[in-house]
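Comments concern the structure below.
What follows is the structure, given as structure tokens:
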């Protein structure tokens, strides 16, 4: 008997939520989505700033991959997709890319469906009906092998790499031993760790991909920041006791634990392997969360030292503070305090508490970001708009 | 005794101060007094938990994070004044 439950999708994936997602294909119709959100607060509405105005093959690849990734997301039971009509990622271009067998999707376009208010009215009715239909779907026992947990850090402080990320790492190792998948992104925060990570690769091909990913992140950082590239390790980091870029980066990647790295995936790409996965994605929290969610992570642990309240639509985020001060100062926002490791608490005790919380969150308990509606949906772009 | 450093990995030759430790104050980890500091260790900074030779790797998280530029004694502060990065040297 499994200790975790969820919703089995027709494609074999497993959701830990049964959300109705209301998403625009393009920012022009965000107002329609916001209006539906006010009418149907139980639906997960995900306005964003993208969908048109960019034409490079890489940007288009990312755009379609991320929008498809959210529609396909295992925590989503049904979708109300709001299009405009003339945008790059129009519903007519997006729908043929989708494999939505068994998932209800209602498609509306403002240019076809009577304008903004009428489209919002139709979307509201569709979202309400979908919520009603999904209510009757029961949770069923699910195996850990179907769970993918993302590990993220942001708003870090000097203790993030010493307490919170160490705690996340111990949870990662536990998950991997259970047969679950763990995914980490943030390639800029892997700079300086090529040897450490490549040594843990499953095979030479994965090792070469790790090296290539980190080399590219380092080159990009140097190209963009020039002389300031060394600020990736900042004076503030050094005041906090971090001495080198390798020390900072290993403190970041430690959140993925110490397991064998089974695959490197591109930004937003679903892995085909189990185990520990690295994603070639950016360090910026919002962009990184979108990439990890589009890859299929059902939930995320997110460590923070300064205290970031941000969450993500469709993917519950469990916030872990690196210190007790922030845990108390932002009690509304932080789920777990890893600062207790500085106060004599044993790592294994904290890990077990985190696993118990993880199980409750999988089984439906809301995280602070879910309670607070702190979702942000933004994703990486490569070239400027035109 | 309440711990005042964290040792992240068993291979590490440095610990991380979880509060400021005065010069000469005992260093405590796992409830045990290990040794006394030879100088002040600021909060969240590293202290050598064994003697480290010149050009020896500084190990934290069980991994090399830097190389020492001089001999560092157990109880000394470990930071940019006595180590160097293997990459991105300024």
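Protein chains in written order, with the numbering used here: chain X, 1 to 386; chain R, 387 to 476.
The beta-carbon is built from N, C-alpha and C at its ideal position, and this holds for glycine as well.
Residue i by DSSP, collapsed to three states: which one?
i: residue 229 of chain X; result: helix
i: residue 205 of chain X; result: helix
i: residue 107 of chain X; result: strand
i: residue 186 of chain X; result: coil
i: residue 327 of chain X; result: helix
i: residue 115 of chain X; result: helix
i: residue 19 of chain X; result: strand
i: residue 412 of chain R; result: strand
i: residue 352 of chain X; result: helix
i: residue 180 of chain X; result: coil
i: residue 439 of chain R; result: coil
i: residue 389 of chain R; result: coil
i: residue 98 of chain X; result: coil
i: residue 405 of chain R; result: coil
i: residue 198 of chain X; result: helix
i: residue 125 of chain X; result: helix
i: residue 150 of chain X; result: strand
i: residue 434 of chain R; result: strand
i: residue 341 of chain R; result: Nothing about residue 341 of chain R can be reported from this structure: the residues present for chain R run from 387 to 476 only.
i: residue 471 of chain R; result: coil
i: residue 472 of chain X; result: Absent from the structure is residue 472 of chain X, since the part of chain X shown begins at 1 and ends at 386.
i: residue 476 of chain R; result: With a pLDDT of only 44 at residue 476 of chain R, under the threshold of 50, the placement of this residue in the model should not be trusted; the figure read from the coordinates follows. Three-state DSSP puts residue 476 of chain R in coil, outside helix and strand.
i: residue 224 of chain X; result: helix
i: residue 396 of chain R; result: coil
i: residue 6 of chain X; result: strand
Mind pulling the chain X residues with CB within less than 7 angstroms of residue i?
i: residue 445 of chain R; result: The premise fails here: residue 445 of chain R is roughly 10 angstroms from chain X at the closest Cβ pair, so nothing lies under 7 angstroms.
i: residue 466 of chain R; result: 238 and 243
i: residue 477 of chain R; result: This structure gives no information on residue 477 of chain R, because the portion of chain R shown stretches from 387 to 476.
i: residue 413 of chain R; result: The contacting residues do not exist; residue 413 of chain R stays about 14 angstroms from chain X at best.
i: residue 471 of chain R; result: 244, 245 and 246
Using alpha carbons as the reference points, say which of the options lies closest to residue i.
i: residue 98 of chain X; options: X/79, X/114 and X/245; result: X/79
i: residue 440 of chain R; options: R/420, R/447 and R/459; result: R/459
i: residue 281 of chain X; options: X/363, X/220, X/101 and X/240; result: X/220
i: residue 346 of chain X; options: R/405, R/434 and R/415; result: R/415
i: residue 434 of chain X; options: X/325, X/228 and X/107; result: Given a span of 1 to 386 for chain X in the structure shown, any question on residue 434 of chain X remains unanswerable.
i: residue 312 of chain X; options: X/216, X/322 and X/376; result: X/376
i: residue 403 of chain R; options: R/417, R/410, R/392 and R/397; result: R/392
i: residue 179 of chain X; options: X/201, X/197 and X/147; result: X/147
i: residue 6 of chain X; options: X/41, X/142 and X/115; result: X/142
i: residue 208 of chain X; options: X/121, X/216 and X/198; result: X/198
i: residue 188 of chain X; options: X/285, X/273 and X/354; result: X/285
i: residue 456 of chain R; options: R/470, R/409 and R/445; result: R/470
i: residue 247 of chain X; options: R/430, R/410, R/443 and R/452; result: R/452
i: residue 446 of chain R; options: R/387, R/396 and R/389; result: R/396
i: residue 186 of chain X; options: X/269, X/292, X/174 and X/273; result: X/292
i: residue 467 of chain R; options: R/398, R/388, R/394 and R/432; result: R/432
i: residue 314 of chain X; options: X/76, X/374 and X/215; result: X/76
i: residue 390 of chain R; options: R/435, R/443, R/406 and R/438; result: R/406
i: residue 268 of chain X; options: X/150, X/19 and X/105; result: X/150
i: residue 274 of chain X; options: X/103, X/95, X/145 and X/117; result: X/145
i: residue 4 of chain X; options: X/202, X/357, X/263 and X/105; result: X/357
i: residue 22 of chain X; options: X/120, X/243 and X/115; result: X/120
i: residue 210 of chain X; options: X/223, X/222 and X/196; result: X/196
i: residue 214 of chain X; options: X/353, X/279, X/331 and X/105; result: X/279
i: residue 41 of chain X; options: X/216, X/124, X/53 and X/58; result: X/124
How about residue i: is its Cβ closer than 7 angstroms to a heavy atom in the ligand FAD?
i: residue 21 of chain X; result: This structure simply doesn't include the ligand FAD, nor any ligand for that matter.
What does residue i reach in chain R if we use C-beta pairs closer than 7 angstroms?
i: residue 158 of chain X; result: 430
i: residue 247 of chain X; result: 446, 451 and 452
i: residue 254 of chain X; result: 447
i: residue 341 of chain X; result: 392
i: residue 166 of chain X; result: 394
i: residue 265 of chain X; result: By Cβ distance, chain R contributes nothing, its closest Cβ being about 24 angstroms from residue 265 of chain X, past 7 angstroms.
i: residue 40 of chain X; result: None at all; the shortest Cβ gap to chain R is about 46 angstroms.
Applying a beta-carbon distance threshold of less than 8 angstroms, which residues of chain R neighbour residue i?
i: residue 196 of chain X; result: 449
i: residue 250 of chain X; result: 446, 447, 449 and 451
Quick one: which chain R residues come within Cβ less than 9 angstroms of residue i?
i: residue 192 of chain X; result: 451, 471, 472, 473 and 474
i: residue 88 of chain X; result: The premise fails here: residue 88 of chain X is roughly 39 angstroms from chain R at the closest Cβ pair, so nothing lies under 9 angstroms.
i: residue 171 of chain X; result: Those within 9 angstroms of residue 171 of chain X in chain R number zero; the least Cβ separation is about 15 angstroms.
The segment 359 to 368 of chain X touching the segment 377 to 385 of chain X, judged by at least three CB pairs closer than 8 angstroms: Too few Cβ pairs lie closer than 8 angstroms, so no.
Segment contact, 8 angstroms Cβ cut-off, at least three pairs: the segment 21 to 29 of chain X with the segment 82 to 96 of chain X: Contact between the segment 21 to 29 of chain X and the segment 82 to 96 of chain X is present, with at least three C-beta pairs closer than 8 angstroms.
Validate contact between the segment 123 to 134 of chain X and the segment 47 to 62 of chain X using beta carbons, cut 8 angstroms, 3 pairs: Contact between the segment 123 to 134 of chain X and the segment 47 to 62 of chain X is absent, because fewer than three Cβ pairs lie under 8 angstroms.
Unbroken stretches of the alpha helix (DSSP H), 4 residues or longer, contained in the segment 226 to 311 of chain X: DSSP runs (the alpha helix (DSSP H)) wholly in the segment 226 to 311 of chain X: 235 to 239, 245 to 253 and 285 to 294.
Continuous alpha helix (DSSP H) assignments of at least 4 residues falling wholly in the segment 24 to 76 of chain X: For the segment 24 to 76 of chain X, whole alpha helix (DSSP H) runs of length 4 or above, ordered along the chain, are 30 to 39 and 57 to 72.
Meets three-Cβ-pair contact criterion under 8 angstroms: the segment 107 to 122 of chain X and the segment 251 to 266 of chain X: Counting C-beta pairs closer than 8 angstroms gives fewer than three between the segment 107 to 122 of chain X and the segment 251 to 266 of chain X, which falls short of the contact rule.
Validate contact between the segment 299 to 309 of chain X and the segment 142 to 162 of chain X using beta carbons, cut 8 angstroms, 3 pairs: Taking 8 angstroms as the limit for Cβ pairs, the verdict is that the segment 142 to 162 of chain X does touch the segment 299 to 309 of chain X.
contact_flag[the segment 289 to 296 of chain X, the segment 55 to 75 of chain X] where n(CB pairs < 8 angstroms) is 3 or more: As far as the Cβ criterion goes, the segment 289 to 296 of chain X touches the segment 55 to 75 of chain X, which means the pair count is three or higher.
Segment contact, 8 angstroms Cβ cut-off, at least three pairs: the segment 159 to 169 of chain X with the segment 241 to 253 of chain X: With the cut-off at 8 angstroms, the segment 159 to 169 of chain X and the segment 241 to 253 of chain X touch.
The segment 414 to 431 of chain R contacting the segment 455 to 471 of chain R, beta-carbon criterion three pairs below 8 angstroms: Taking 8 angstroms as the limit for Cβ pairs, the verdict is that the segment 455 to 471 of chain R does touch the segment 414 to 431 of chain R.
Three CB pairs or more closer than 8 angstroms across the segment 85 to 104 of chain X and the segment 62 to 69 of chain X: Contact holds: three or more Cβ-Cβ distances are below 8 angstroms.
Uninterrupted alpha helix (DSSP H) stretches inside the segment 336 to 384 of chain X (no shorter than 4 residues): Those alpha helix (DSSP H) runs which fall completely within the segment 336 to 384 of chain X and span 4+ residues are 347 to 362 and 368 to 372.
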